[in-house]
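Undergrad: The numbers in the UniProt record's numbering rise by one with no breaks, and the one at position 286 of the sequence shown is 286.
Cβ atoms here follow ideal geometry from the backbone N, Cα and C, with glycine treated the same way.
What you are looking at is a predicted structure, and each value in this text was computed from that prediction instead of being measured.
Please see the structure below; I have some questions.
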Amino acid sequence: MRIGAIADDITGATDLCLMLTRAGFRTVQVMGVPEPDQRLPDADAIVIALKSRSINAEMAVDMSCAAARSLLDAGAEQLLFKYCSTFDSTDEGNIGPVTAALMDVVGAPLAIACPSFPEAGRTTYKGHLFVGDQLLSDSPLKDHPLNPMRDSNLVRVLQRQTALSVGLVQIGTIWQGAEVLRQEFAARQAIGQRILIVDTLTEADLRTIGAACEGMALVTGGSGIALGLAANFVAAGKVTPWQAPRRMAAPAGRSVVLAGSCSAATLGQIEQARAAGLPLLAVDAEGLAAGRATAAELASWAIAQPAASTPLIYSSAPPDTLRGIQHRLGQHEAGQMIEATLAEVARRLRDAGFARFLIAGGETSGAVVAALGVTTLHIGPEIAPGVPWTRSEGGADLALALKSGNFGAPDFFLKAWDLLEPEPVDV
Ligand SMILES: Nc1ncnc2c1ncn2[C@@H]1O[C@H](COP(=O)(O)OP(=O)(O)O)[C@@H](O)[C@H]1O
Ligand SMILES: O=C(O)[C@@H](O)C(=O)COP(=O)(O)O
């Protein structure tokens, strides 16, 4: 194994798997911290998907370190800690505490923090994160249900989370190339800086940063950073690039979309699906809390739709509605209740013969996949930047598209299915 990665949520993990696959790596996604006797699959990269983004920092540290140790035991040459390209975290963590703990695990004196993913519009300039043309703090991420991002200055955000000294390497240094950047890393280390936010505007910058990180035991960032890291192994002849298939064989069975993301992209995708005439059902959060609505009813509604249709069940709500629900039910309580409900719906639909699931939302996907008993995902074709089709192993045999709430074009819920082939075709 060349790269062993720990992702703080499941859609982030599939995003990273797709990036590594694109770079020619045979990549497998494993769900949760492996059991001590669990043999990890043979692959160029293994990505362990955790659900550690929004939990308490101590638990996130424990899980991440355990995952790191299992990757190192399985021979990983370089560790990557993958978090969101919008740096989703709170003042308590978990990016800072997990980075610091992983640095201890591998004995790294310095780590970079590079969330940028220019292809998805995430860039960093003078340490400020942009989402498209907006500062992070002006973007829809300011209204995220669990990790509202209201400060774009990543040095400031990260410094609030860790006692380690956080520095910034600006774009001008990156443009001087990998060798100068490596010297800059050494100079920063010499003055006591331990974690460096690195500016990134383009894919070329990611490649330069990746090249400068060759041989570093630990790198942290979004999926974009994997581009350059993987290229190092290919250039060194350690990985023979593999061409991923453009379509994927999917098990026979009905299709459904379950959306628990309240991100602007998901809200737009729901409206496009509505306009296209997909059968749609909104989850009544307050009804669930009061026992007036149940997962069983939601699942029965989907089962009753025409077999050839793709029903869509969503809890997604715009910021004002969301704030009202959270005010009445509690932020985490509401989130967990909805995650548990959509997970239960998924389990019931699987039992009723649904085999093709499109799930919108990282936390939502984590809850659904756990409920379905899936342990491993094989990466299939790219639906949109950051979102591949996957096929499951462990639990039932399913085609799963796990969409980060923020990703995908408005017609994502309509077009994703076009990449699936009926069996038999090799995955
Ligand atoms: N109507 C709602 N009211 C309150 N919380 C909600 C509602 N709909 C979804 N949520 C919660 O918001 C969170 C969305 O996070 P996530 O699934 O990671 O989406 P994203 O990928 O957009 O970040 C989940 O915990 C989900 O249960
Ligand atoms: O890096 C990204 O933007 C994604 O890979 C990701 O982590 C998104 O998280 P969710 O929006 O919670 O799915």
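According to DSSP, simplified to helix, strand and coil, what is C17?
TA: The answer is helix: DSSP assigns C17 an H, G or I state.
Undergrad: Could you pull out every residue in the same chain whose Cβ sits closer than 8 Å to the Cβ of C114, ignoring the five residues on either side in sequence?
TA: Taken in chain order, the residues that qualify are T124, I197, V198, T200, L206, I209, V219, T220, G221, G222, G224 and I225.
Undergrad: Looking at ligand 2, does it come within less than 6 Å of C84, judged from the CB to the closest heavy atom?
TA: Yes; taking the cut-off as 6 Å, the Cβ of C84 has a heavy atom of ligand 2 nearer than that.
Undergrad: Could you give the DSSP three-state label for P422: helix, strand or coil?
TA: Three-state result, P422: strand.
Undergrad: May I ask you to report which of helix, strand or coil DSSP gives L218?
TA: Three-state result, L218: strand.
Undergrad: Specify, as a first and last residue, the run of the beta strand (DSSP E) that P388 falls within.
TA: Here the beta strand (DSSP E) through P388 covers V387 to E393.
Undergrad: Going by DSSP, which residues form a beta bridge with A163?
TA: DSSP output for A163 lists no bridge partner at all.
Undergrad: To the nearest angstrom, report how far apart F412 and R194 are at their CA atoms.
TA: So the two alpha carbons sit approximately 40 Å from each other.
Undergrad: Whose C-alpha, out of S404, F233 and E382, is nearest the C-alpha of E363?
TA: Taking only the C-alpha atoms, the option nearest E363 is S404.
Undergrad: Count the other C-beta atoms from every protein chain shown that fall within 10 angstroms of the C-beta of W389, then say buried if there are 16 or more, exposed otherwise.
TA: Result: buried.
Undergrad: Relative to ligand 2, is the shortest distance from any of its heavy atoms to the C-beta of S139 smaller than 6 Å?
TA: Not so, every heavy atom of ligand 2 lies at least 6 Å from the Cβ.
Undergrad: Is G361 close to ligand 1? I mean its beta-carbon at under 6 Å from any heavy atom of the ligand.
TA: Under cutoff, so the answer is yes.
Undergrad: For the beta strand (DSSP E) holding L280, just list the boundary residues, first then last.
TA: Per DSSP, L280 belongs to the beta strand (DSSP E) from L280 to A282.
Undergrad: Does R307 come out as helix, strand or coil in the three-state DSSP assignment?
TA: Checking the displayed sequence, the identity of residue 307 turns out to be Ala instead of Arg. If DSSP states are grouped into helix, strand and coil, A307 belongs with coil.
Undergrad: Could you have a look at A236 and say whether DSSP puts it in helix, strand or coil?
TA: The answer is coil: DSSP assigns A236 none of H, G, I, E or B.
Undergrad: Within 10 Å of its beta-carbon, does D426 have 16 or more other beta-carbons around it, so buried, or fewer, so exposed?
TA: Low confidence applies here, because D426 scores a pLDDT of 49, under 50, leaving its location unreliable and the question unanswered by this model.
Undergrad: Is the closest heavy atom of ligand 1 to the C-beta of L280 under 6 Å?
TA: Answer for L280: no, Cβ out of range of ligand 1.
Undergrad: In the segment 169–198, which residue ranges form an unbroken beta strand (DSSP E) of at least 3 residues, counting only runs that do not cross its ends?
TA: Complete beta strand (DSSP E) runs here, min 3: 195–198.
Undergrad: Is L377 near G395, with beta carbons less than 7 Å apart?
TA: Not closer than 7 Å, so no.
Undergrad: So, is R39 buried or exposed, given that buried needs 16 or more other C-beta atoms within 10 angstroms?
TA: By the neighbour-count rule (16 or more Cβ atoms within 10 Å), R39 is not buried but exposed.
Undergrad: Using 10 angstroms around the beta-carbon of A304, count the other beta-carbons present and answer buried if the total reaches 16, otherwise exposed.
TA: Under this definition A304 is an exposed residue.
Undergrad: Since L377 sits in a beta bridge, which residues does DSSP pair it with?
TA: In the DSSP output, where bridge partners are listed per residue, L377 has Q29 and S392.
Undergrad: Which partner residues does V131 have in the DSSP bridge list?
TA: V131 is bridged to R122 and Q134.
Undergrad: Classify E339 as buried or exposed, calling it buried when 16 or more other Cβ atoms lie within 10 Å of its own Cβ.
TA: Buried: at least 16 other Cβ atoms inside 10 Å.
Undergrad: Work out the CA separation of A211 and G228 for me, nearest whole Å.
TA: Using only the alpha carbons, I get a separation of about 6 Å.
Undergrad: When you compare the CB positions of A74 and A49, do they come within less than 7 Å of one another, or not?
TA: Cβ distance not < 7 Å, so A74 and A49 don't count as in contact.
Undergrad: For T294, which of helix, strand or coil comes out of DSSP?
TA: It is coil, neither helix nor strand.
Undergrad: Can you say whether S300 is buried or exposed, counting buried as having 16 or more other CB atoms within 10 angstroms of its CB?
TA: Per the 10 Å Cβ criterion, exposed.
Undergrad: DSSP on R254, reduced to helix/strand/coil?
TA: Strand, per DSSP.
Undergrad: Quick one: what's got a C-beta closer than 7 Å to A289's C-beta in the same chain, skipping five residues either side?
TA: Closer than 7 Å at Cβ, skipping near neighbours: L329 and M337.
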